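A.B. asks: The structure follows.
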Amino acid sequence: MLVLQPFLQPDLGLMMFKPGKTLLSELVKMSQGNRLIVMPLPEELVNIPSGRMNSPVIPDSSTSLVDDERLLEFFNHADVQKRLGSFKHWLEDIPHCQLSDGEYCDKNLTVLDGAVRVCWHHDNQERKSPSEKNKAIAKRNVMLWGLGTIQNQLKLDRHISLPELCWWSVINGVHEYLPRSITDESLGIKKKPEKNGLVIRRESDERFELDSKAILKGRAGAVKLIVDDEPPAMFMARPKELTWKSEKYLKFVRSLPCVVTGKTEGVVAHHLILHGEGKLGAKAHDLFTFPLTAEEHRKFHDDPKGWEAKHGSQLFYVKQSIKNALALGALI
Numbered sequence: 034m035l036v037l038q039p040f041l042q043p044d045l046g047l048m049m050f051k052p053g054k055t056l057l058s059e060l061v062k063m064s065q066g067n068r069l070i071v072m073p074l075p076e077e078l079v080n081i082p083s084g085r086m087n088s089p090v091i092p093d094s095s096t097s098l099v100d101d102e103r104l105l106e107f108f109n110h111a112d113v114q115k116r117l118g119s120f121k122h123w124l125e126d127i128p129h130c131q132l133s134d135g136e137y138c139d140k141n142l143t144v145l146d147g148a149v150r151v152c153w154h155h156d157n158q159e160r161k162s163p164s165e166k167n168k169a170i171a172k173r174n175v176m177l178w179g180l181g182t183i184q185n186q187l188k189l190d191r192h193i194s195l196p197e198l199c200w201w202s203v204i205n206g207v208h209e210y211l212p213r214s215i216t217d218e219s220l221g222i223k224k225k226p227e228k229n230g231l232v233i234r235r236e237s238d239e240r241f242e243l244d245s246k247a248i249l250k251g252r253a254g255a256v257k258l259i260v261d262d263e264p265p266a267m268f269m270a271r272p273k274e275l276t277w278k279s280e281k282y283l284k285f286v287r288s289l290p291c292v293v294t295g296k297t298e299g300v301v302a303h304h305l306i307l308h309g310e311g312k313l314g315a316k317a318h319d320l321f322t323f324p325l326t327a328e329e330h331r332k333f334h335d336d337p338k339g340w341e342a343k344h345g346s347q348l349f350y351v352k353q354s355i356k357n358a359l360a361l362g363a364l365i
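Here's what the structure looks like:
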């Protein structure tokens, strides 16, 4: 299959191509005297050069994520763009004016507003009077560039899926910038059923409802617990007690909703006190923690026993946090 730039002559009713001798000879062999199919180039191939395609397969646009504008903000994030590479270079590979209307186009090309490949003629027109078409193409280019680059980095010969996109974001450390609706869909987490426009939920749902972004964050930075059934300290007469510390686990706990308010902003990891822990100014193991907002954390330390009388035992919340960590893969 050949990709060629057409030269339209509307007044004469003609469309001309200039493949050159080598490509023309190949075209003769490929056609074997039959008619040829002439069709617009799929937008996913917008920046491939003219010539013979290595693969004769046309991308199936029905499986593309290019229309999923939830990803637009993700691809526009500076950290994500660092992993994708140069958008400018991708644009400069487009060999034609993207605002061509079949009328006049200058032979010289440039990049308009850092997002659209245009000729000098249309560049001047857009600067005088910006069009909606230009804005739409700019958004489309960002989507095509992002999806195409990820597809190439993962060495896929087809469009990427949402789970593959999430995997790419994890291995590149940018999963936190994905919209929650994307991570929900990728992990198969469904919304709560609605009735009369209101979400039906129990009071406890807010505390331990599955959060796809927290799951992804937990799986991306899982803490490994190594079990030693015969630790050296076990054979000592007076072994020194060690305190288990893990900033990764504390970070996971802080990503969970507050056990009292259900809020996810301003959450701290509260270390268990009382119940034999927190004596002599020493903190409990980082494993014995659960999420509280800063305000609730202050209320707890003002009156620990009163807080437990009102909200329940800390041991329950510590257990729930560990249970969530194991279920979500944060602890393995």
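Everything in the sequence shown is counted per my numbering, starting at 34 for the first residue and increasing by one.
Backbone N, C-alpha and C define an ideal beta-carbon position, used for all residues, glycine too.
No experiment lies behind these values; they were computed from the predicted model shown.
1) Cα separation between residue 323 and residue 344?
2) Please classify residue 156 as buried or exposed, where buried requires at least 16 other C-beta atoms within 10 Å of its C-beta.
3) Of the choices 283, 317, 308 and 36, whose alpha-carbon is the least far from that of residue 69?
4) Taking all protein chains shown into account, decide if residue 286 is buried (16 or more other Cβ within 10 angstroms of its Cβ) or exposed.
5) List the DSSP bridge partners of residue 310.
6) State the start and end residues of the unbroken alpha helix (DSSP H) segment that holds residue 42.
7) With 16 as the cutoff for other CB atoms within 10 Å, does residue 141 come out buried or exposed?
8) Is residue 346 buried or exposed, if buried means 16 or more other CB atoms sit within 10 Å of its CB?
9) Does the segment 104 to 114 come within contact of the segment 123 to 140, defined as at least 3 CB pairs closer than 8 Å?
10) Can you give me the Cβ contacts of residue 348 inside the same chain, cut-off strictly under 8 Å, excluding the 5 residues immediately before and after it?
11) For the pair the segment 166 to 181 and the segment 97 to 109, tell me if three or more CB-CB distances fall below 8 Å.
12) Give the DSSP-derived three-state secondary structure of residue 53 in the structure shown.
13) From residue 168 to residue 153, what distance separates their C-alpha atoms?
14) Kindly give me the distance between the Cβ atoms of residue 320 and residue 355, rounded to whole angstroms, as I take these residues to be in contact under 8 Å.
15) Indicate whether residue 392 and residue 38 have their beta-carbon atoms separated by less than 7 Å.
16) Here's the rule: buried if 16 or more other CB atoms are within 10 angstroms of the residue's CB, otherwise exposed. What is residue 237?
17) Given a cut-off of 7 Å, decide if residue 187 and residue 219 are closer than it, judged by their beta-carbon atoms.
C.D. replies: The relevant details are as follows:
1) 13 Å
2) Buried is the call here.
3) 36
4) buried
5) 307
6) Note, residue 42: premise wrong, no alpha helix (DSSP H); beta strand (DSSP E) at 40 to 42.
7) exposed
8) exposed
9) no
10) Here the set comprises 305 and 308.
11) yes
12) helix
13) 17 Å
14) Sure, about 7 Å apart at Cβ, within 8 Å.
15) Here the chain covers residues 34 to 365 and nothing more, so residue 392 does not appear.
16) Any reading at residue 237 needs caution, since the residue's pLDDT is 44, under 50, leaving its predicted position unreliable; the model's value is listed next. The residue is exposed, with fewer than 16 neighbouring Cβ atoms inside 10 Å.
17) Taking 7 Å as the Cβ cut-off, residue 219 and residue 187 do not qualify as a contacting pair.
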